[in-house]
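K.L.:
First the structure, then my questions, so here it is.
2 protein chains.
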Amino acid sequence: MPAKGAEIHVNLPHGDPATASPLTRPADVCVVGGGVIGLSIAWRAAALGLSVTVADPSPASGATHAAAGMLAPVSEVTYTEEPLLRLGLASLARWPAFAAELTEDSGVDVDHRADGTLAVAFGADDLAALGELADFMAKLSLPAERLTGRECRRLEPMLAPGVRGGVLAADDAWVDPRRVAEALLAAAGRRGVRLVREQVSAVVVDGDAATGVRLAGGGTIAAGQVVLANGAWAGTLDGLPAGVLPPVRPVKGQIMRLRGAPGFLGHCVRGVVHGSSAYLVPRRDGEVVLGASQEEMGFDTRVTAGGLYELLRDARELVPGVTELEVTGTVAGLRPGTPDNIPVIGRASLPGLLFATGHHRGGVLLAPLTADHVAAELTGGHPGDDPPVGRICSPARFTGRPAHGDD
Amino acid sequence: MPAKGAEIHVNLPHGDPATASPLTRPADVCVVGGGVIGLSIAWRAAALGLSVTVADPSPASGATHAAAGMLAPVSEVTYTEEPLLRLGLASLARWPAFAAELTEDSGVDVDHRADGTLAVAFGADDLAALGELADFMAKLSLPAERLTGRECRRLEPMLAPGVRGGVLAADDAWVDPRRVAEALLAAAGRRGVRLVREQVSAVVVDGDAATGVRLAGGGTIAAGQVVLANGAWAGTLDGLPAGVLPPVRPVKGQIMRLRGAPGFLGHCVRGVVHGSSAYLVPRRDGEVVLGASQEEMGFDTRVTAGGLYELLRDARELVPGVTELEVTGTVAGLRPGTPDNIPVIGRASLPGLLFATGHHRGGVLLAPLTADHVAAELTGGHPGDDPPVGRICSPARFTGRPAHGDD
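Those sequence lines, one after another, are chains P and Y. Heads up, the first sequence is in the UniProt record's numbering, so the first residue is 1 and it goes up one at a time. Heads up, the second sequence is in the UniProt record's numbering, so the first residue is 1 and it goes up one at a time.
In structure tokens, the structure reads:
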């Protein structure tokens, strides 16, 4: 669908006449949600010439704020999720250019590093599983090197003495999601994206089409097209006919940030400890991020004693020296999960409405691919078939209704 | 020494003429340090008619802020520290009246509870040690009831199933130190105590006597008598002849605060876990405080991954249900330790100078006794001999110099 001109009409609820008067400005797209997905779409769409408004009461404060930023499509998926793997690999390939353009547009360095993940094992079973991962990576022509425990410790001297072996996934990369969000806010702003710091309560439907959003404070934003990129909250908006919204649910994750010295770790380090996957992500300035729990707790963002306990317990088994580091922050975020762990990206059955949510653990990784795909959809371009994002991520697989335009 | 009139002379370093002009107001005492000890002294001294100034850049932000507030003199001491025990029991007896007067003077409820400590044991050795504690308490005519594991869990249903037995110390009490500090600030203010929110860098000595303090910003506070109640920092002040300052060192403690439901625990719960003593202190509003590490780290107030890990590990072994609770805060504080674990309270060898520091883990417990003793010293009254605070806590035991006035 080609972009069409639209009016932004904001009725602010409070009495300041300077801001309460209706604003009229042509706008093509309203993106609901200012996390890494929503901001990436807004930035890309604006770069293609669309006028874009992003609505979020507190941009980059949700799952983006709690993400570690690993760009590790292989080690993050299971073997049965090959479509997701294809998306991840395609988006990983776009990250270097995405990061470079973003830095150029914003002046913000996003701490993009491609120094690899060292996945380690303590027991024979873990070691065998890592060996299978290495074989799988080799089949995909991804570099994967098996290492002995001694070789692992040579690469990462802070590793626990009990590490028996590991696999170095040299192509794995990571970014600092908070810097990415900061960069996206700046870059989108320079491209003319308008940010409305208000909560969206509903999609406005006029006749058969989405024509904007209603704000919790009472105002509205009118737009030619509406993109729901509000993560775990995508399923909670009012105003839409039954069956239009995808089944997105919150999957809680708790992380902890530590202050290390630069060089404390040289790679992302991960391992299976006490049956769950734990990781440490080092930033260039020495910060170390410990992640992450996966909890089905509904819309609960409490940092809990048990969550922190498990993060600390697992991290110190991998890298005992973390105990000496200062704790600089803890946060819980809600990942948008879907029944098949694959995102929901593309046109809804309702004209004028698109989805870009359900990215679960992969929002940062999949942002470049998602943004390019959605921006192409918004401008009426062809999103491309490699990988076929529109098919893999189609909302219709859950709603049973074809996307508008697929008929 | 009788209180004498003195001038407060504050030369503020920055240019605001309204505050930079010298203030002249009669004052008798300058208390260095606005924690629970310094504020208690200031409040009591002001109630006795003295004019008092407290100097602290950030009152109640040190050890007081990180204290759990247990008033548990028996379970906190070892058997070899009988003088300290005498101080603790005497101060515990003063707490109910102290709390009542404080609330009356301030309007602030300090959450004083006297519901007892339940000390629990997992192993036979722990159980035997608890039995000895119970015998010791009985010898002191303090109520101590031995309980089976089942009886413990009947009293505290959240206790771990592995608890084999315990001792209920029914006289143990606790307060919320942050509320105590808030109450003291209000009560002292109502009694006319003046608060100077600046860092003290030195004691001013004129001739042979302390005559005030120098502020880090360059000003001075002149006072007839100076009380050093600045905790772990008491030994760091400039300006005094060698041998006057007591050997106080920082002993780091890290605590964690959790949000529980009111009634989550009905008693203080403590136990020896992994060789160190862990405790949980419940507040009336449901907050649960986990404490506390004891670390010799110098002036280091970093909250560390290892510190939090041990707090969480030990607390969940005692009360597994803490894992579900929200973490509302973590903090590290520095207790003022002395070589014999006994405070330093009373007149220094230098006329006009007094100490009230070195309270280590007992600052909150010992505040009423310390304040009454020091206030009596400041007004030239007789501090009393039961217990003989002046003898037990004399600075002379470290400095080898008799207190001024003891000659």
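Every residue gets a Cβ at the ideal spot worked out from N, C-alpha and C, and that includes glycine. Predicted, not measured: the structure shown is a model, and the values here were computed from it.
Quick one: is K252(P) buried, meaning 16 or more other Cβ sit within 10 Å of its Cβ, or exposed?
P.N.:
Classification of K252(P): buried, given that the 10 Å Cβ count is 16 or more.
K.L.:
Whose C-beta lies closer than 8 Å to the C-beta of V244(P) among residues of the same chain, with five residues either side of it excluded?
P.N.:
A348, S349, L350, L353, T399, R401, listed in sequence order.
K.L.:
If G69(P) sits next to V163(P), beta carbons under 8 Å apart, how far is it from one beta carbon to the other, in whole angstroms?
P.N.:
24 Å between Cβ atoms; not a contact.
K.L.:
Can you confirm whether R335(P), when its beta carbon is compared against all beta carbons of chain Y, has any partner nearer than 9 Å?
P.N.:
Chain Y, which has no Cβ nearer than 9 Å to the Cβ of R335(P), makes this no.
K.L.:
If you run the structure through DSSP and keep just helix, strand and coil, what is R391(Y)?
P.N.:
Helix.
K.L.:
Could you tell me which chain P residues have their CB closer than 7 Å to the CB of R302(Y), listed as they occur along the chain?
P.N.:
By Cβ distance, chain P contributes E326.
K.L.:
Where V272(P) and S75(P) are concerned, what is the direct C-alpha to C-alpha distance, given to the nearest angstrom?
P.N.:
Cα to Cα, the separation comes out at about 12 Å.
K.L.:
Grab the span of the beta strand (DSSP E) containing residue 416(P) for me, first residue to last.
P.N.:
With chain P running from 1 to 407 in the structure shown, residue 416(P) is simply not present.
K.L.:
Please state whether the Cβ-Cβ distance between P59(P) and L89(P) is less than 9 Å.
P.N.:
The answer is no: Cβ separation not under 9 Å.
K.L.:
So, at 7 Å on beta carbons, what are the nonlocal neighbours of E377(P) in its own chain, with the 5 sequence-adjacent residues on each side left out?
P.N.:
Counting only Cβ-Cβ distances below 7 Å, and skipping sequence neighbours, we find G346, R347, L354, P383.
K.L.:
Suppose the cutoff is 7 Å on Cβ atoms and the five residues either side in sequence are ignored; what does the same chain contact list for C393(P) look like?
P.N.:
Excluding positions up to five away in sequence, the list reads I342, P343, V344, I345, G346.
K.L.:
Taking 9 Å as the threshold (beta carbon to beta carbon), is R283(P) in contact with chain Y?
P.N.:
Not closer than 9 Å to any Cβ of chain Y, the Cβ of R283(P) fails to qualify, so no.
K.L.:
Nearest-angstrom Cα distance between A315(Y) and V110(P)?
P.N.:
Those two C-alpha atoms are separated by around 39 Å.
K.L.:
Under 9 Å, Cβ to Cβ, is there at least one residue of chain P near G306(Y)?
P.N.:
At least one chain P Cβ lies under 9 Å of G306(Y).
K.L.:
Take F122(Y) as the anchor and find which of V374(Y), T323(Y), L318(Y), E326(Y) has the nearest alpha-carbon.
P.N.:
Per the Cα distances, L318(Y).
K.L.:
For the candidate residues T220(P), V203(P), G224(P), whose alpha-carbon lies nearest to that of D238(P)?
P.N.:
Checked all of T220(P), V203(P), G224(P); the closest Cα to D238(P) is V203(P).
K.L.:
Measure from the C-beta of R313(P) to each C-beta in chain Y and report whether the shortest distance is under 9 Å.
P.N.:
Taking Cβ atoms only, chain Y reaches closer than 9 Å to R313(P), which makes this a yes.
K.L.:
Taking one C-beta from the region 27-47 of chain P and one from the region 361-377 of chain P each time, how about it: are there three or more such pairs within less than 8 Å?
P.N.:
Touching, yes.
K.L.:
Give me the chain Y residues within the contact set of L258(P), using Cβ-Cβ distance strictly less than 7 Å, ordered along the chain.
P.N.:
A305, listed in chain order.
K.L.:
Thinking C-alpha only, which one of P395(Y), G275(Y), T328(Y) is nearest D125(Y)?
P.N.:
Looking at the Cα atoms, G275(Y) is the closest of the given residues.
K.L.:
Give the range of the alpha helix (DSSP H) segment to which A46(Y) is assigned.
P.N.:
Run containing A46(Y): 36-47, per the alpha helix (DSSP H) assignment.
K.L.:
Can you tell me which residues form a DSSP beta bridge with P336(Y)?
P.N.:
In DSSP, P336(Y) forms a bridge with P250(Y).
K.L.:
Would a check of beta-carbon distances place R316(Y) closer than 9 Å to chain P?
P.N.:
Chain P contact via Cβ: present.
K.L.:
Our contact map puts G165(Y) next to T148(Y) with C-beta atoms below 8 Å; I'd like the distance itself, whole angstroms only.
P.N.:
Rounded, the Cβ-Cβ distance is 6 Å, consistent with contact.
K.L.:
Could you please give me the residues that DSSP links to R225(P) through a beta bridge?
P.N.:
Checking the displayed sequence, the identity of residue 225(P) turns out to be Gln instead of Arg. Partner(s): V29(P).
K.L.:
Does V251(P) come within less than 9 Å of chain C when only Cβ atoms are used?
P.N.:
No chain C is present in this structure, whose protein chains are P and Y.
K.L.:
By Cβ distance below 7 Å, which residues in the same chain neighbour V108(P) in space, the five residues on each side in sequence not counted?
P.N.:
So the list reads R179, E182, A183, A186, once near-sequence residues are dropped.
K.L.:
Between the alpha carbons of L228(P) and T357(P), how many angstroms are there, rounded?
P.N.:
C-alpha separation (whole angstroms): 7 Å.
K.L.:
Applying the criterion that 16 or more other CB atoms from any shown protein chain within 10 Å of the CB defines a buried residue, is S21(Y) buried or exposed?
P.N.:
Summary for S21(Y): the model assigns pLDDT 34, below 50, so the residue's position carries little reliability; its value from the coordinates is reported in the next sentence. Counting Cβ neighbours within 10 Å, S21(Y) comes out exposed, since fewer than 16 surround it.
K.L.:
In the region 149-236 of chain P, which residue ranges form an unbroken alpha helix (DSSP H) of at least 4 residues, counting only runs that do not cross its ends?
P.N.:
Within the region 149-236 of chain P, the complete alpha helix (DSSP H) runs of at least 4 residues are 149-155, 177-190.
K.L.:
Taking just the CA atoms, how far does T220(P) sit from A18(Y)?
P.N.:
Because the pLDDT at A18(Y) is just 34, under 50, the model does not fix this residue reliably, and the point stays unresolved.
K.L.:
Can you tell me the Cα-Cα spacing of V54(Y) and R86(Y), whole angstroms?
P.N.:
Cα-Cα distance, rounded: 29 Å.
K.L.:
Let me confirm a value: L140(P) is counted as buried when at least 16 other C-beta atoms fall within 10 Å, else exposed. Which label applies?
P.N.:
Exposed, since its Cβ has fewer than 16 Cβ neighbours within 10 Å.
K.L.:
Can you pull the chain P residues whose beta carbon is under 7 Å from the beta carbon of V322(Y), in chain order?
P.N.:
Here the neighbours are A305.
K.L.:
Looking at the unbroken alpha helix (DSSP H) that takes in P368(Y), where does it start and where does it end?
P.N.:
Element bounds for P368(Y): 363-379.
K.L.:
Using a beta-carbon distance below 9 Å, is Y309(Y) in contact with chain P?
P.N.:
With 9 Å as the cut-off, Y309(Y) counts as an interface residue toward chain P.
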